[in-house]
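Residues 1 to 260 in this note's numbering are what the first sequence lists, from first letter to last.
Beta carbons: idealized from backbone N, C-alpha and C, even for Gly.
Treat the numbers as computed from the prediction; the structure is a model and nothing was measured.
What follows is a set of notes on a single structure, which appears directly below.
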Amino acid sequence: MKIATWNINGVKARIDNLVHWLNDSQPDIACLQEIKTVDEGFPRAEIEALGYHVETHGQKGFNGVAILSKLRFDEVNRGLPGDDEDEQARFIEGVFSTPHGALRVVSLYLPNGNPITEDRKYGYKLRWMDRLHRWAQERLELEEALILAGDYNVIPQPIDARRPEDWVNDALFQPETRGALRKLEYLGFTEAIRAVTDAGDTFTFWDYQAGAWQKNNGIRIDHLLMSPEAANRFEAASIEKHVRAWEKPSDHVPAVAILQ
DNA sequence: ATGGTCGGCTACCGA
């Protein structure tokens, strides 16, 4: 069972890349972020033609998440609970039946949070992380295989940046931000990429600007958090870095976990 | 070196 997460930075601009990648990589479940379209604008037919079920939680112009799955959805939930005023489309959950039992998968797009001086940005990010913590605590009580996959907009440690000194004033690398991710993980999650290497140079994002890709000036901000029951089924993880070198790439690349 | 590049959408915002 191959589960991938990929911030595609606009599904309409990335449809050729997305189709190519699905054919090439053959994920069973793909979590997408920043689809940047309303649900009606998602190129559903092209994806369904490849044998995927499609569930989206879209928004006009920015944000928006989706789950593509070769397995039928038993259940779908849209939006992170905990704030009825929050209109931003950043969270979708799908539940699947597998030979090894239920599998619950979330595609999340955690707020960027910059600049850190603005409460509507950085405060929103920290409050969103607190809501995610509360939601995850509740879900873990089910004792199911659960994967929280997505663009967390969090650099967990200095080795997760080529140039950590560039990020000291950035919302992605604040002590409070990193502490909130650590607190979430300490509920009992195992991050798939970190589980296979702690050697660094496992970046998932390279900025379009200033030749970041050419200089390998990247960061690791796309993560797959596995519940104990999912971690028990964990076999392998990888980053599909070659996708960043394609024509008209997203600034993120897919990160993948293989479960039994 | 205080720049630079994208996507979505039409005057800028978000990243």
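Reduced DSSP category for E93 - H, G, I as helix; E, B as strand; rest coil: Here E93 sits in strand by DSSP.
Closest residue to G123 among A136, E176, G82 and Y109 (Cα-Cα distance): The residue with the shortest Cα to Cα distance from G123 is E176.
- request: Take T197 as the anchor and find which of N217, A236, N216 and L187 has the nearest alpha-carbon.
  value: For the residues N217, A236, N216 and L187, the minimum Cα distance to T197 belongs to A236.
Using a 10 Å radius around the Cβ and a threshold of 16 neighbouring Cβ atoms, would you call Y186 buried or exposed? Exposed: under 16 other Cβ atoms inside 10 Å.
With respect to the beta strand (DSSP E) encompassing A136, which residues constitute its N-terminal and C-terminal limits?
Membership of A136 in any beta strand (DSSP E) is not indicated; the residue belongs instead to the alpha helix (DSSP H) covering Y124 to L140.
- Going by DSSP, name the residue or residues bridged to K2. Bridge partners of K2: I258.
Exercise for review: Please specify which runs of the alpha helix (DSSP H), each continuous and at least 4 residues long, are wholly inside the stretch 8–34, giving them in chain order.
Suggested key: Here the runs fully enclosed are 15–25.
(message) Rounding to the nearest angstrom, what Cα-Cα distance links D84 and R163 in this structure?
(response) Note on geometry: alpha-carbon atoms of D84 and R163 lie some 38 Å from one another.
**Request:** Report yes if the C-beta distance between P254 and T5 is below 8 Å; otherwise report no.
**Result:** The Cβ-Cβ distance between P254 and T5 falls below 8 Å.
- Query: Is the stretch 58–72 in contact with the stretch 29–36, if contact means three or more CB pairs nearer than 8 Å?
  - Reply: Taking 8 Å as the limit for Cβ pairs, the verdict is that the stretch 29–36 does touch the stretch 58–72.
So the candidates are A136, A49, L148 and H100; which of them puts its Cα closest to the Cα of M1? Ranking A136, A49, L148 and H100 by Cα distance to M1 puts H100 first.
Would N153 be called buried (16 or more neighbouring beta carbons within 10 Å of its own) or exposed? Buried, because 16 or more other Cβ atoms sit within 10 Å of the Cβ of N153.
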